[in-house]
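Asker:
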Amino acid sequence: MRSIILLLPALALADCGESGDAAQPAREQATASLAATQSPVPITEWTVPWERTRPRDPYVDGRGRVWFVGQEGNYVATLDPESGKFKRYAIEDGTYPHNLIVDAGGNVWYAGNRNGRIGRIDGKTEKITTYLMPDRAVNDPHTLVLDRSGDIWFTAQGANYVGHLATKTGKIRLAKVPTSQARPYGIVVNAENRPWFVEFGSNKLGTVDPATMAITEYTLPNDKTRPRRLVVTSDGIVWYGDYTRGMLGRFDPRTRATKEWPMPAGGTSLPYAMAVDDRDRIWLAETGVQPNRIVGFDTKTNSWFSVTPISQSGGGTVRHMVFHRPTRTLWFGTDANTIARVKVP
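For the sequence shown, the working numbering gives the first residue as 2, with consecutive numbering after it.
1) Under the three-state reduction of DSSP, which class applies to residue 326: helix, strand or coil?
2) May I ask which residues mark the beginning and end of the beta strand (DSSP E) holding residue 87?
3) Apart from the five residues on each side of it in sequence, which residues of its chain come closer than 6 Å, Cβ to Cβ, to residue 282?
4) For residue 73, I'd like the list of residues in its chain whose CB is within less than 6 Å of its CB, leaving aside the five on either flank, ordered along the chain.
5) Among the residues of its own chain, which have a CB less than 8 Å from the CB of residue 26, if the five just before and after it don't count?
6) Which word fits residue 52, buried or exposed, when buried means at least 16 other C-beta atoms lie within 10 angstroms of its C-beta?
7) Taking three-plus beta-carbon pairs below 8 Å as touching, is the segment 133-140 in contact with the segment 89-99?
8) Whose C-beta lies closer than 7 Å to the C-beta of residue 49 among residues of the same chain, with five residues either side of it excluded?
9) Between which two residues does the beta strand (DSSP E) holding residue 100 run?
10) When burial is assigned at 16 or more other CB atoms within 10 Å of the CB, is residue 310 buried or exposed?
11) What are the boundary residues of the beta strand (DSSP E) that residue 264 is part of?
12) Taking Cβ to Cβ, would you say residue 334 is nearer than 9 Å to residue 69?
13) Could you check whether residue 146 and residue 348 sit closer than 9 Å to each other, using their CB atoms as the reference points?
14) Please confirm whether residue 320 and residue 152 have their CB atoms less than 9 Å apart.
15) Write down the C-beta distance between residue 216 and residue 178 rounded to the nearest angstrom, noting that I regard them as a contact closer than 8 Å.
16) Here's the rule: buried if 16 or more other CB atoms are within 10 angstroms of the residue's CB, otherwise exposed. What is residue 330?
17) Which class does residue 32 belong to by DSSP, given the choice of helix, strand or coil?
18) Look at the alpha carbon of residue 302 and the alpha carbon of residue 237, and state the distance between them as a whole number of angstroms.
19) Please check the pair residue 247 and residue 268, which I expect to be a contact at CB under 8 Å, by giving their CB distance rounded to whole angstroms.
20) Going by DSSP, what residues sit across from residue 232 in a beta bridge?
21) In terms of DSSP beta bridges, what is residue 48 paired with?
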């Protein structure tokens, strides 16, 4: 385990406005660049003992343990940040879990990305229960998120579905995304308990009516946009990372207006993992640069304020990130076989 804090000059940044063409004045660009060099964040990484297993999607439980999946290693595991000890849990062969979450009861839910199921590890007995998709065509549960009722919403990227799992009954409802090959990817739930998701195969955002499972899609202005992850701030605004164009986007569901800002690394940034903290600041991983960088955006000033490279491992690719409010930390896994923690200011 090693902690790092490095300063790295950021590129001058522009507020592109709704059209994506109008640049900020040079003075504002310089101010944004200077601010980004003044607020690096401390990153600590733990090397996972099982090599080349793609540890990812950590989630902190009520006891402070960090749960994560080994997507290529076909396991679920925990890290104790205090001792640095890892524990591995065997799961069904062929699951290759993509993501996990932990509910209020301490139960761990993981996505069976190659065998069409969602698994549950009981928080008390550690007994595993699996929930099969009611349609065999939906064979790749991808990203899971808890709603405010304790139920689960999830995407199935290749199958082109969004689903809902009632955790008390095990009932699963599925909705096919209207756009062909939309590749539903990241998913979040807003304050009204309504799920929003991005379509990585198109330039669209989507939302689901929890009662009817009807999907509404919203087309983003640039047809080259490919959103991969998203967050929702406390004001209900949807923010997304445009993986192909290197932009941070803002979508207002009320007015349907879109604004965009270039990432610090510009068109080469490949923004992937994404989270929002308790001050409505947005954090993203720039995976198109090596080492990968964790960058912070202030939604009140619309400016980048932090750029920090993942210098210990390089990151490889950081795919998903969560914010843990009690400790004010971000957690993510890297393709370099580490689990990482960021302490945010």
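Note that the Cβ used here is the ideal one computed from N, Cα and C, for glycine as well.
Answerer: Taking the coordinates as given:
1) helix
2) 87-91
3) 297 and 299
4) 54 and 55
5) Reliability of the predicted coordinates at residue 26 is poor, the pLDDT of 33 falling under 50, and no value is obtained from them.
6) exposed
7) no
8) 56, 87, 338, 339 and 340
9) 98-103
10) buried
11) Premise fails: residue 264 is in no beta strand (DSSP E) and is neither H nor E.
12) yes
13) The structure shown does not extend to residue 348, since the chain is modelled only from 2 to 346, so the question has no answer here.
14) no
15) 6 Å
16) buried
17) Annotation note: pLDDT 39 at residue 32 (below 50); position unreliable, coordinate value reported separately. In this structure, residue 32 counts as helix in the three-state DSSP scheme.
18) 17 Å
19) 4 Å
20) 240
21) 339
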